[in-house]
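*Asks:* For the record, the sequence lines run as chains L, E and U. 4 is the number of the first residue of the first sequence in the working numbering; add one for each residue after it. -12 is the number of the first residue of the second sequence in the working numbering; add one for each residue after it. 50 is the number of the first residue of the third sequence in the working numbering; add one for each residue after it. Before I ask anything, here is the structure I am working with.
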Amino acid sequence: MKKVLLSIARLAVLVVAAFFAFALSPAEIDAIERPAADSFDADLVAKGRDLAALGNCLTCHQSEGGAPYAGGYGVETPVGTIYGSNITPDPETGIGRWSKAAFVRSMREGLGREGEHLYPAFPYTHFTRVTDGDLEALYAFLMTRQAVAKTVPNPDLPFPMNVRPLLAAWKLLFLDEGAAPSDGLGDELERGRYLVDGLGHCGACHTPRNLFLTEKTDAYLRGGEASGWANPPLAGDIHSPSPWTAVQIATYLDGGFAEAHGVAAGPMAEVAAKLKDAPAADISAMAAYLVSLQTGVAMPSADNSKTATPSERIALGETLYRGACARCHEANGQRGTSAPGSSQGLPLAQSTALHAPDGRNFAQFVLHGVEAPNGEAGWPMPGFADLLTDEQIAAIADYLRHELAQQSVWDDMSERIADIRSQGEVAR
Amino acid sequence: MVAMTVNGKSVSVDADPETPLLYVLRNELELNGAKFGCGLGQCGACTVLVDGKAAISCLLPLAALEGRAITTLEGLGTAEAPGPVQAAFIEEQAAQCGYCIPGMIMRMAGLLAETPEPDDEEIRAALQPNLCRCGTHMRILRAARRAAGRPSEEDNFAFAGSGQNVGGTSS
Amino acid sequence: MTHHRSSSPLIPPITRRGFVAGAGSLTLSFALSGRAAAQSEESGVVDQTAELPGSLSKAPFLDSWIRIAADGAITVFTGKAELGQGIRTALHQIAAEMLGVDPQRIELLTADTDATPNEGYTAASHSMEESGSAIMNAAAEVRAILVQRAAERLGVDAETLRVEDGVVIGGPEDLAYNMLVDGETLHVRYEGRGRKPDPATYKIMGTPFPRTDIPAKLTGAPAYVQDLRLPGMVHARVIRPPVSGARLAEFDQAAVEAMPGVMAVVRNGNYLAVVASGEYQAVEAKRAAEGAARWTGGIALPERSEIYDRLQASAAEETVIHETDAGSGFPVKRLKARYTRPFQMHSSIGPSCAVGLFEDGRLTVWTHTQGVYPDRKAIAELLSMEENAVRLIHMPGAGCYGHNGADDAAADAALIATALPGRPVRVQWMREDEHLWEPYGSAMVVEASAGLAADGTIADWTYDVWSYPHSTRPGGAGNLIAGNLVADPFRLAPPTNIPQPAGGGDRNAVPPYDIPGARVTKHFVTDMTLRVSALRGLGAFMNVFSLESFVDELAEAAGADPVAFRLAMLDDPRAGDVVTAAATDFGWDGWTAPAPGFGRGFAYARYKNLAAYCAVAIELQVTPETGAIRIHRAVSSVDSGQIVNPNGVRNQIEGGIVQSASWTLFEEVLYSPDRIESRDWSAYPILRFDAVPASVRVRPIDRPGEPFLGTGECAQGPTAAAIANAVRDATGVRIRDLPYSPKRLQTALRETEFS
Ligand code: FES
Ligand code: FES
């Protein structure tokens, strides 16, 4: 069903675009000589560095083990793979010949220097909110990076998605350019919102998308999905036995771990790793704003038909949990706790993943584990994909849902695990 | 009572079903290959093969093992007739204290079962979960290369993502 | 170990009984040698007053080292322990070479208080100097004695006889060694009668003889103390206080005793352990006991950020360890720097383990201690037993790199075993027991100041090092964790301020260069905040890191090439050779960065200023955005004197370089005022395979006929400094604080143009 709708949508877009693609073909901005690195003000560069951290630019603009900002990371989208471009100041393969105007236009309008339309995997629908001053700083920062000659692969997309001019039509419909008006939230909250909606582009993952793969404006930050993970809602009723505090969100954002809720893993691990380098005040502002969006906690009431009688599977789950999980996730043999006595495993009774409406993230954690940050203390967890079967992991899930979350067990958990297993591990 | 295969032999183990495999191997079955290093899934010293795949045994409860096939270091060969991966490690004298090496050998055995001709990046990635404190890594990598069928005199182990080494070696 | 028996008709097969009878002097020789005082543990110098080579000074009778049985079996004894450094193989090679027998025919016994000489600790890279020299000289003399006997028996001139695989030939009749020994033949004092063969004729020494212990370890044969299974053995786990000094206020013993398989709860003051019939039951009982125990009090730890100031502000014993006369150069430029190193861990891959058996009033402990004799003494004191009622037998454990939990685990096994007479008790520490309770390598601070003369030479040099002790080994029972916890606790003995020339915190603090106006001061601080002791290299790691960083800073200020700058100050030609070899192999001259972010660094030291010479050159790459350091190449040269096993030397240096890279890049014990946080690998990350260099090359420089020079620790310092110097070269930033974690790099690079 979804596929059919998508095809109809594509077709419709195609027709409209046939017209607009011609009408809107944007102009090339002249190439410049690559500006000397010392022509930029050092403070501006430093400011740009902070902003680049907040914007998580490296996540897409650096391939695994590759040079920073030289691009090459493949962003998996529902329609195909798009590769982060080389944004080092290399004149041939990077943005060395881009003027500031060209850079600003790309961030605001999603256009390359020569006027080509960029795919919205590059989240210019968010970056369009960024102020001139911040864009100038980012430009200064990027133009003073090490130039790296590296050509990234072309997007791997099916027709008609590979017809760039069609993007013009998409933008016409969905790109709402420019800064959002102030609405008197006060300095910190406004700063937070500016970062969350702009450079931080949290909505790119945490807001559900419509058929045109556009963020639904009426479901702002109500949870999305990416790479087989459920990205939990940040606004409205959140999936957690207790609300997140601003401090917890801040710790999670720049440290990747909030003991009362969870550890950043999957795509979020990368985000937290980059935010570690962002200014603390900005992280606090984002946290303050995000907290203000919470209206409560969504805790579906226990479904007694599923929890009343502990099943055989729950019993098996308990045994497996004790042998495989308790060593780290319990302190001093006390279930559901984690304290100095444990090996820094999360106290599962509080886990956001365990309280989510479906078991996707739980399955991700158990199958693939959590990698420790390179060379720094962290909260690693081994993956159990090669240790436990789908059925066994499902049994642990049942046990934990029943016993610790005190909620109904998740439906079809074995199948869900099999499904996620078959997708393999997605690094970020 | 859990029935499984260990190094090709069927065994039935009567122990608390939550007991991690590591303790079952070392005590009930009196096998020395899998080592206790952390019991937390952080070091790989306890690595064995479960259904042909490298797996830590310290967090793998007996209850999960009904009908599954376990291979330990002992299952690969003996001092007199070492298996190919063991022989590669002996040939490269890839051990200092040697405590981590069984886990390394099992990782390599698991990798080779899936990827018979791994490149350096794949070898590094496969060994990443395993720690060595003596710093025997260069020899372990050499032994891994040898086990993968391409022994070499000169080190030049590619890093992930680099495709090749920029620095290379000069002499 | 297989006992190979020759099928040669000259060597009649004889029973085990024959072996003992033939050895004759088994007990007697130990009555004489076994009680010699233990060598001062980390002191770095083989007793300099002794006239006899190596440990012969402590055990001068030949049969303390070598015995030949009537059946031809040859047993060589060493008081040293195999720690993964390959000592067993090297000693085996020496004995075989000097005796002139096939190595297959020699059985080597390592540290056992009932059998081997007392050689103190296997530490400080001393084993070759001590045990190696002893065995070499004893074996040469045994050979000379037996050849002489053969000559007498055959009525020929000894000069006309030769030895081939343990048989004296060249006379009218071939005589095997075992036909030449009887009861007392070898129970004689070493006198230096043996003539060592010309190194040019060595067949076994100097070759990359394969390690004798590797095949067993790599195929799952029982090889480690962890693998020891005795009939009826039970499993114990210890429960430590949450912080040092805490008291056990409440403990629900009954709850733990009621658990399945639990056989005993051993409680003695603040000492707590559980014993169960199954190992996993013991693990579970430990967890339950941790929940059932309530502790109060305990010492407060410092804030991590304040440790260096605190160290420098503490009361210290100050010693000027080195002073040279002022030179003629007038300083025109002054450089000052302060370097720091945090507490770091041994963190063996296998947590400590020991097996104890208390039977008929005698206690036996199988242990991976580095010193069976000193640990025995401490354990005897702990248990108020006679020393000779206690036997410690060394079995390999995981690599220890110094004073880790081994001695304490042995004491645990001893203490718990005495509570269950007749039962072998296996104590296995859990990961957190090792991480939290092993003694760490000391935090240290160095302050250096130097003047450069107009001609670019160093005009004066002031160097101060602050450190906690680097040896708190037993010692007495007060140096054991159990000793501090029992109801009637023992006090920690005052830690040794290890003197120069080896030094402790000041090891390698004296520059190896010819520098005028130098003054080097050690500040020895005994007010330990965390438990500290010997970690591979002791102060040498930090001092070489600091000193060789500072020399590079001076070279840069003088506009000199770092290698040339060093060579100009080195008098010792062997030092010069090592430096030149590493620079040449690296391709130092003419090197250019292959890509941006690359840098190269060089460093040199002679370990303890009296052991092996080692130079390291490193090429690395820094990614400023992530702070990641990728070591591409490490090139090293080493002069260990006469090389017994070049592959063994390489293995030690390769391992030293990689381990030191891990210390340098990643390692720091984390703690807050109320607890140590580095309880496992998650909070004490070490190098993993993604950070392993692309290439490590080692060139051992052989010095035939020269004395053995301890090698095991010589690469630690130079590696750290070479990394530091390469990071400076790559980024323009000089980082003086260890470790070079991604976070620290990022922070430092933020301030610079480079990023
Ligand atoms: S012992 Fe299993 S991973 Fe460390
Ligand atoms: S060889 Fe000792 S831990 Fe790897």
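Ideal placement from N, C-alpha and C gives every residue a C-beta, glycine not left out.
1) Does DSSP put His681 (chain U) in a helix, a strand or coil?
2) Might you give, ordered along the chain, the residues of its own chain that have their beta carbon closer than 7 Å to the beta carbon of Leu407 (chain L), omitting 5 neighbours on each side?
3) Touching or not, the region 515 to 529 of chain U and the region 324 to 333 of chain U, by the rule of three or more beta carbon pairs under 8 Å?
4) Closer than 7 Å to a non-hydrogen atom of ligand 1 - does that hold for the CB of Cys30 (chain E)?
5) I'd like the span of the alpha helix (DSSP H) that includes Arg137 (chain U), first residue to last.
6) Does Gln149 (chain L) get closer than 8 Å to chain U when you measure Cβ to Cβ?
7) Using a Cβ cut-off of 8 Å, which residues of the region 375 to 401 of chain L contact any Cβ in chain E, in chain order?
8) Enumerate in chain order the residues of its own chain whose CB-to-CB distance from Ala150 (chain L) is below 7 Å, with the five nearest sequence positions on each side excluded.
9) How big is the Cα-Cα spacing for Thr128 (chain L) and Phe365 (chain L)?
10) When you check each C-beta in the region 273 to 284 of chain L against every C-beta of chain U, which residues fall closer than 7 Å?
11) Pair every Cβ in the region 7 to 15 of chain E with every Cβ in the region 43 to 50 of chain E, then say whether three or more of these pairs are closer than 8 Å.
12) Is any non-hydrogen atom of ligand 1 found closer than 7 Å to the C-beta of Cys25 (chain E), if you look at the structure I gave you?
13) Assign Arg137 (chain E) to one of two classes, buried (16 or more other C-beta atoms within 10 Å of its C-beta) or exposed (fewer than that).
14) Compare the beta carbon distance of Ala771 (chain U) and Ala666 (chain U) with 8 Å and say whether it is the shorter of the two.
15) Output the boundary residues of the beta strand (DSSP E) element that contains Asp240 (chain L).
16) For a quick check, are the C-beta atoms of Gln426 (chain L) and Gly231 (chain L) less than 8 Å apart?
17) Pull up the distance between the alpha-carbon of Leu798 (chain U) and that of Ser363 (chain U), whole angstroms please.
18) At a threshold of 7 Å, does Gln83 (chain E) count as lining ligand 2 (C-beta to nearest heavy atom)?
19) Is any heavy atom of ligand 1 found at a distance shorter than 7 Å from the C-beta of Ile43 (chain E)?
20) Thinking Ser731 (chain U) and Trp413 (chain L) are a contact (beta carbons under 8 Å), I'd like their distance in whole angstroms, please.
21) Leaving out the 5 sequence neighbours to the left and right, which residues in its chain are closer than 8 Å to Leu360 (chain U) when beta-carbon positions are compared?
22) Got a sec: is the Cβ-Cβ distance from Thr217 (chain L) to anything in chain E below 8 Å?
23) Since Asn227 (chain U) and Ala119 (chain U) should fall inside the 8 Å C-beta cutoff, what is the C-beta to C-beta distance between them, to a whole number of angstroms?
24) If you measure from the CB of Cys33 (chain E), is any heavy atom of ligand 1 nearer than 7 Å?
25) Who are the neighbours of Leu61 (chain L) on chain U, taking C-beta pairs under 7 Å?
26) Should Gly20 (chain E) be flagged as near chain L, meaning a C-beta pair shorter than 8 Å?
27) Are there any heavy atoms of ligand 2 lying less than 7 Å away from the beta-carbon of Ile194 (chain U), as far as the coordinates show?
28) Closer than 8 Å by beta-carbon distance: list the chain E residues that pair up with Ser582 (chain U), in chain order.
29) According to a CB-to-CB cut-off of less than 7 Å, which residues of the region 709 to 723 of chain U neighbour chain L?
30) Does any residue of chain E have a CB that is nearer than 8 Å to the CB of Ala421 (chain L)?
31) Kindly indicate which residue of L:Glu321, L:Ala45 and L:Ile35 has the alpha-carbon position closest to the one of Ala143 (chain L).
32) Please indicate yes or no: does the CB of Cys328 (chain L) lie closer than 7 Å to some heavy atom of ligand 2?
33) Quick check: is any heavy atom of ligand 2 less than 7 Å from the C-beta of Gly83 (chain L)?
34) What separation, rounded to the nearest whole angstrom, lies between the Cα atoms of Gly71 (chain U) and Gly232 (chain U)?
35) Taking the runs of the alpha helix (DSSP H) that are 4 residues or longer, which of them lie wholly in the region 94 to 140 of chain E?
36) For Pro391 (chain U), go through chain L and note every residue whose CB falls closer than 7 Å to its CB, in chain order.
*Replies:* This is what the structure holds:
1) strand
2) Gly339, Leu351, Ala352 and Leu357
3) no
4) yes
5) Ile136 to Leu148
6) yes
7) Pro383, Met384, Pro385, Phe387, Asp389, Leu390, Leu391, Thr392 and Gln395
8) Thr91, Pro92, Asp93, Gly97 and Gly99
9) 31 Å
10) Asp280
11) yes
12) yes
13) exposed
14) yes
15) Gly239 to Ile241
16) yes
17) 32 Å
18) yes
19) yes
20) Ser731 (chain U) to Trp413 (chain L), Cβ: 28 Å. No contact.
21) Ala492, Met493, Val494, Trp515, Ser516, Tyr517 and Val574
22) no
23) 6 Å
24) yes
25) Glu674
26) no
27) no
28) Residues of chain E passing the Cβ test: none, with the nearest at roughly 17 Å.
29) Leu714, Phe715 and Leu719
30) no
31) L:Ala45
32) no
33) no
34) The pLDDT assigned to Gly71 (chain U) is 33, lower than 50, so where the model puts this residue is not dependable, and the model offers no usable value.
35) 107 to 114 and 124 to 134
36) Ordered by position in chain L, no residue passes the 7 Å Cβ test against Pro391 (chain U), which lies about 13 Å from the chain.
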